[in-house]
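Chains as they are written, first to last, in this note's numbering: chain A, 1246 to 2023; chain B, 125 to 405; chain C, 0 to 155.
Quick reminder that beta carbons are idealized off the backbone N, C-alpha and C, glycines included.
Predicted model only: the values in this text are computed from it and were never measured.
The structure appears right after this line, and notes come after that.
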Amino acid sequence: MATTTTKSPALLVGQSLRRREDPRLITGTATYVDDVKMPGMHHACILRSPHAAARIRGIRTSRALEMPGVVAVFTGEDVAHLGPVPCGAALPGLRVPAHTVLARDRVYYVGHPVAVVVATDRYLAADALDAIEVDWEPLPAVADPEKALEPGSPAVHPEWPDNIAFTYKQEGGDVDKAFAEADVVVRQRLVNQRLIPVAMETRGVVAEWKPGDRQLTLYTSTQIPHLVRTLVAGMLKMPENRLRVVAPEVGGGFGSKLNVYAEEALMAFVAMKIGKPVKWIESRRENFVATIHGRGHVDYYEVAAKRDGTILGIKLKLIQDIGAYHQLLTPAIPTLSILMMPGLYKCKNVRADLIGVFTNCTPTDAYRGAGRPEATYGIERMVDILAAELQMDPAEIRFKNFVGSGEFPYQTATGLSYDSGDYAAPLRKALETVSYKTLREEQRKAREAGRLIGIGISTYGEICALGPSASLPCGGWESATVKIEPGGQVTVLTGISPHGQGEETTFAQIVADELGVSIDDVVVLHGDTSLVQYGIGTFGSRNTAIGGTALYFALQDLKEKLKKFGAMLLESDDVVWNRGRCVCMKSGKEVTLPEIAAASYRAMKLPENTDPGLVATRFWEPPNFTFPFGAHIVVTEVDSETGAVQILRYVAVDDCGKIINPLLVRGQIHGGVVQALGQVFYEHAVYDENGQLVTGELTDYAVPKASYIPAIESYHTETPSPVNPLGVKGVGEAGTIGCTPAAVNSVVDALSHLGVRHIDMPLTPEKIWKVIQDRRTA
Amino acid sequence: MIPDTFDYSAPVTLTEAIELLSSGAKALAGGQSLIPLMKLRLASPQHLVDLSRIPELSGIREENGVLHIGAMTTHYEIESSMLLRSACPLLPQTAGRIGDVQIRNMGTIGGSIAHADPASDYPAALLALDATVRIAGAGGFRTVSYEDLLVDSFLVALEPGEVIVDIMAPVDPPNTGTCYVKAPQAASGFAIVGVAVRAVKSDGVVSSARVGVTGLAAKPFRARSVEQALGGTRGTDADITRAAALVGDGVDANSDLHASADYRKHLAEVYLRRALRAALI
Amino acid sequence: MKKTITLFINGQRYSHEVEPRLLLVHYLREVVGLTGAHIGCETSTCGACTVLLDGKAVKACTVLAVQADGRFVTTIEGIAANGSLDAVQEAFWNEHALQCGFCTPGMILTAKQLLAREPNPTEEQIRHGLEGNLCRCTGYQHIVNAVQAAASRSGD
């Protein structure tokens, strides 16, 4: 027993530590799904519909079956007994089409899986794919959600000729009165175009069936291994404890892997059927049609205001392009947009009418931000349009309408309770950073010299830490188990499933601080349902705020237990836990954590009412969402000859609550902003009239490259959240939420003196050039 | 996303290669266009003849004021060639705008011009340089102008069994200004429009101007009306503006997902102005 | 008809009989067992499969294994000498230049070649030099920082 006291090392929370997950990633030794290899492993390729709508008159597999190495071909009939691909979201009156694992007599979108061929080798499986013969009867298709609503449009699902998947209304306050009393009403149609998530790793599944154990293991590139286990077990009608799901290293998700896909159940079926492990790796071409798309809104906004800029009311008609089916959360995504309609503003009168529309396209679902970027884009574009109408400065109109810093918790017209904030602070900081007044002056001079400079502001709020269970289609809590091993090292099993966000590091920082152990003695494990107690997963910027909080409470439990053992060992009732040691306040004597750990497992003696060992598990249910916020300012210059836009400056001031690791927070902001800049300038999933995806490859669908993107200046204000003891809010989606309106506002501002009021994304050079041409000839 | 099966030969002599190609095999240069097509099974040749092991197809040299660039010379070798940078900077400048660094490391000039993608970069420069191409076949060698080699989108005047040996361009005379500019398609990097200019001034007057345009039409072309309009002028900004305005005249411009015909024509004019300014002013 | 090829990968000699259509990336991943080069597309766009062929960065999904016969290949597994990280690896780690890590091996190898050709690149040169490698997580900024850091370190 030591009696010396050492100086406490500095706390790690708040420090920019480099990541502990990186050594395997920078040396190429991490294991992604495609790196999983098993003896006897077979390879599957999936035949997909080339038509957006067609009847399948027949499928002939005999030629494929004769190809070298082919062991099986399965079609819709073979998997008819499997349960449907699940839709977890429930809305009143929701129409849920029968979403079978493989198509049977009809296909509904390009990419619809029709058959699977299994061979001993991936090349041979690919060869055999061409030998499956399908007798197609192409049918009329509709790809545009507004056209799908027109009478006489082809019916995506014949049983619902109006193509309406659901309608949903939400209203708060007295909207009609607000509009009647308004001095000014601005209206605008805003398109939030369909996007393709493009995680760098496509999806993939390896399934292994051990008949002797009746155990099925699925390695799948997912953000939600436990939910996949529950739902795929349901599809397979298999007891859940017979299925193990492993999310190995996952190469990006952005919401596209927050889902349960047909291929997960299909590969399980194949492995069980052929009695061999089977691997399916999605090609990029498949990924573009077979993995969910994001966004896909057409929004009709109306904003009523007083002449002084006070916003009185907001009306929104939201048309959500569903695609052909509901995936896991499809119908829920636009409802998040509605919740966030008022943004950071004190508007108490809102009305939203949402229509979900079936189209013959790939299903939409959660994509980084999931409903919230769309909402922020809407309100922040509308506020700029209102400011222009009233000839007010866009910063001034925002300051005027912000919820005040003394008004928290703040009840919104959409039923949310904003947790904490000082919404003016990031905007002030952003304005100071760009020297706003001087900048406006420079803009004026540049304009006189014929240059088109734009300054765009957005201030955003977001709903993070999804979320309280009552608000989600699945549980919204999160879990953590902390084990102090007999040797004193600490193992964390977390229910989240990080894939780049860095919780192997940030959670270890929290553990090191709470227990006073070296961070090198902490290991954070995740992503394996046979290892980790049940968890929900990684999405909705929830990892730290919920998963971290579950961890925090488990650590508190453990500290209590450590103190009990410490008190016993020190033979004192008056002990405290201090940086890895239990200290007797009277004698100053200490026992170290490894000493306590050893004693707790050896269990020669136990404190009263205390079990041996040092393990604590917590499932933590958050009482509310968290509400991060921030302000982004983008300075752009438009080339008046070509319409090309250059970003001169990008300043982001984000308040994500308390920051655990500033380096990682910056990484999240940069990544989110650049993904959003992709939406602003380049990305658009374009379907032609026949429902063919025209941008079906990375050679036609542009994601941002290093040279397209400026340096992002990232700053913070730090307003702790009262929702959790860590004070954290979440940062994974902030960049995608704050960026799009700031960038579009900037380009529109650059052209405002020509009378330009709005341009829909993506802001391609040609589109901007045309707008300039039109204005100049007008 | 796996190529279909094929036979593969890697001859070390030109004669051997010509023999194989005469029997219907397809030439493989750097593979940067062909292999992606084969992976998507948009091309499924039965026999590939890899030209990379034939020494006389590689390398850059100057002979009597003429630059010889072996067909299997990579874009990177062209981009970084000190000889070309001083004797014919238009080619390294153009090569440096192709695709990305990995593609430039593998892709070759011969492969690129034989593939004849109408949005590729070299055609603009080779037209502006009035380059010639030496071709070997069973009957020996022949030399054609690059302009004549170019037949249409993805089509060149190569007979079965013929292989491009080298590309020839004159060393720039004194007072030559050149420039290649392009509007890249954001996803693929190919040229929505690319414009190459080579102009020679003597006594302050434009004595020769050649303009190659890629991406604008189904077939890259020499903008002769622009060249004529510039010839004999002093190459002032006004001369440039007047001449550049002619670039789209009578051109049946491409229109696709990435740019309409009108926009392409407009861009060609803007980029040509910019290239001419860089070359002349 | 299969061909026998011999490659020198990360300093070791490998000889195998392969189908001509076998892509270099599949040869490395499936035959040799080096899975650090990843496959992110089939159009030679994303660069996740980048390896060095005779010291030059190439996209291993757009090279046939037979084309690499007799040549030297360096993969991400081969750049840490005797267990100590390469300067670019170290810089990627220090600067948080990766998140999901899928693009990272290719990105690091392209960055290595970039620095070999231009030891003191400007930010613009770095950004242009990395055009053949897509990253969806980082927004590239920390990658640029890492390349700059590696440059200044090797300049010491």
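Interface annotation, Thr73/C: not in contact with chain B, CB-CB separation never under 7 Å. When Cβ-Cβ separations below 7 Å define contact, Glu41/C makes contact with chain B. Asn1990/A and Gly1699/A have their C-alpha atoms roughly 8 Å apart. Between Tyr139/C and Ile1537/A, the gap from beta carbon to beta carbon reaches 7 Å or more. Using a 10 angstroms sphere on the CB of Gly82/C, the tally of other CB atoms stays under 16, which defines it as exposed. Chain B places no beta carbon closer than 7 Å to that of Val1890/A, leaving this residue out of the contacts. DSSP places His1288/A within a strand segment (E or B) once states are collapsed to three. For the stretch 1265–1276 of chain A, the residues whose beta carbon sits under 9 Å from a beta carbon of chain C are, in order, Glu1266, Asp1267, Pro1268, Arg1269, Leu1270, Ile1271, Thr1272, Gly1273, Thr1274, Ala1275, Thr1276. The Cβ atoms of Ala392/B and Ile316/B lie no closer than 7 Å to each other.
Around the beta carbon of Met1586/A, 16 or more other beta carbons lie within 10 angstroms, which makes this residue buried. A residue is called buried once 16 or more other Cβ atoms fall within 10 Å of its Cβ, and Arg1432/A, having fewer, is exposed. Scanning Ala1393/A, Pro1731/A, Asp1765/A, Val1278/A for the CA closest to the CA of Glu1453/A turns up Val1278/A. Annotated as distal: Ile291/B and Val337/B, with beta-carbon spacing of 7 Å or more. Across the set Gly1747/A, Glu1835/A, Leu1996/A, Ser1724/A, the C-alpha of Gly1747/A shows the shortest separation from the C-alpha of Gly1975/A.
Shown here, Phe130/B sits in coil according to DSSP, grouped into three states, outside any helix or strand. According to DSSP, Tyr1681/A shares a beta bridge with no other residue.
In the assembly as shown, Ser14/C is an exposed residue. Its beta-carbon has fewer than 16 other beta-carbons within 10 Å.
In the three-state scheme derived from DSSP, where H, G and I count as helix and E and B as strand, Lys163/B is classed as helix.
At least 7 Å separates the beta-carbon of Gly131/C from that of Met1445/A. Under DSSP, Met1585/A forms no beta bridge with any residue.
Just measuring C-alpha positions, the residue of Ala1848/A, Phe1784/A, Tyr1797/A sitting nearest Lys1809/A is Ala1848/A.
Residue environment analysis places His1915/A among the buried positions, since at least 16 neighbouring C-beta atoms fall within 10 angstroms of its C-beta. Contact with chain C is found for Gln226/B, since one of that chain's Cβ atoms lies less than 7 Å from the residue's Cβ. Within the same chain, Cβ atoms closer than 6 Å to the Cβ of Thr1678/A are found at Val1896, the five residues on either side in sequence being excluded.
Check the Cα spacing between Gly1333/A and each of Ser1466/A, Ile2013/A, Val1473/A, Pro1295/A: the tightest is with Val1473/A. The Cβ atoms of Ala56/C and Gln226/B sit closer than 7 Å to each other.
For Ser1952/A, the nearest CB of chain C lies under 7 Å from its own CB, placing it at the interface with that chain. Chain-order list of chain C residues neighbouring Met1445/A: His37, Gly39, Cys45, Ala47, Cys99, Phe101, Cys102, Leu133, Cys134, Arg135, Cys136, by C-beta distance under 8 Å.
The stretch 1397–1439 of chain A is shown to contain whole alpha helix (DSSP H) runs of 4 or more residues at 1420–1426, in chain order. Those residues of the stretch 1923–1940 of chain A placed with their C-beta closer than 9 Å to a C-beta in chain B are Phe1926, Tyr1927, Val1931, Val1939, Thr1940, ordered along the chain. A contact is defined here as three or more CB-CB pairs under 8 Å, and the stretch 187–194 of chain B fails this definition with respect to the stretch 147–162 of chain B. Considering only beta carbons, the part of the stretch 2004–2016 of chain A lying closer than 9 Å to chain B consists of Thr2009, Pro2010, Glu2011, Trp2014, Lys2015, in chain order.
Taking Leu273/B as the centre and dropping the five residues before and after it, the same chain places the C-beta of Val257, Val280, Ala281 closer than 6 Å to its C-beta, in chain order. Residue range 1539–1550 is occupied by the beta strand (DSSP E) that includes Tyr1545/A. A Cβ of chain A is located within less than 7 Å of the beta carbon of Asn93/C.
Cβ atoms of Ala1364/A and Val1324/A stay farther apart than 8 Å, at about 18 Å.
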